[in-house]
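Right, one structure below, let's go through it.
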Amino acid sequence: MTRDFVRFLALFFVALISGASLAVWLDSSFAGMSSTFFVEKMQHSIRVLTVPLPVIATLGLLFTGASTIYARHDRLSFYLLLAACACLIAGVLTTVFGNVPINKQILTWSINAPPSNWTDLSEKWWLLHTVRTVLTVAGMSFLFSALLVRRDASA
958 MTRDFVRFLA LFFVALISGA SLAVWLDSSF AGMSSTFFVE KMQHSIRVLT VPLPVIATLG
1018 LLFTGASTIY ARHDRLSFYL LLAACACLIA GVLTTVFGNV PINKQILTWS INAPPSNWTD
1078 LSEKWWLLHT VRTVLTVAGM SFLFSALLVR RDASA
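Positions 958 to 1112 (my numbering) are the ones given, in order, by the sequence shown.
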């Protein structure tokens, strides 16, 4: 019962963060966006999403880690869950060391006078977010795979 509940929570939170990451990716195509709109949109998104998304990502990683511990005697599931954890950790590291420093810069910009290199920073942010999205979705895929593989040939 506990193991199944932990698996459910891992799936729930990892699916939430993967979906959120994909939605931000779809919504954040900066091509054709004015500098004013970009700064206003990003500052709003940073303020609104800075607390809930890291909490969801952390819970997803913790419950996936716990699921990995529960699966330690099921070799295939264990390795798939380790791969899921690795992807999720890499996504968190990409966020912390890539996107967050850019977000901090964006929060200091004036909406009416962004820096001259705003497009360079937006492209770097976009690339890092794309990497983060791919890692998170890959982590979710490994997690689903681990929970769907047959554990017993008679099942």
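C-beta: ideal position from N, C-alpha, C; glycine also.
What you are looking at is a predicted structure, and each value in this text was computed from that prediction instead of being measured.
Taking T993 as reference, the option from V1091, S1079 and R1089 with the minimal CA-CA separation is S1079. For G1055, same chain residues with a beta-carbon under 7 angstroms away, outside a window of 5 residues either side, are L1085 in chain order. Just measuring C-alpha positions, the residue of A1041, P1072 and D1077 sitting nearest A1014 is A1041.
Judged by beta-carbon spacing, S986 lies beyond the 8 angstroms limit of T1093, meaning their Cβ atoms are not closer than that value.
Only buried fits P1071, as 16 or more other CB atoms lie within 10 angstroms of its CB. Annotation for V1057: the continuous alpha helix (DSSP H) segment containing it runs V1057 to T1065. With respect to the 8 angstroms criterion, A967 and T1021 are classified as neighbours on the basis of their beta carbons.
Residue environment analysis places T1007 among the exposed positions, since fewer than 16 neighbouring C-beta atoms fall within 10 angstroms of its C-beta. With a cutoff of 8 angstroms on beta-carbon distance, G1017 and L1045 are scored as near each other. Between M999 and I1063, the CB-CB gap stays under 8 angstroms. Around the CB of T959, fewer than 16 other CB atoms lie within 10 Å, so the residue is classed as exposed. For the pair V996 and I1068, the CB atoms are nearer than the 8 angstroms cut-off. A1070 carries a strand assignment under DSSP once its states are collapsed to helix, strand and coil.
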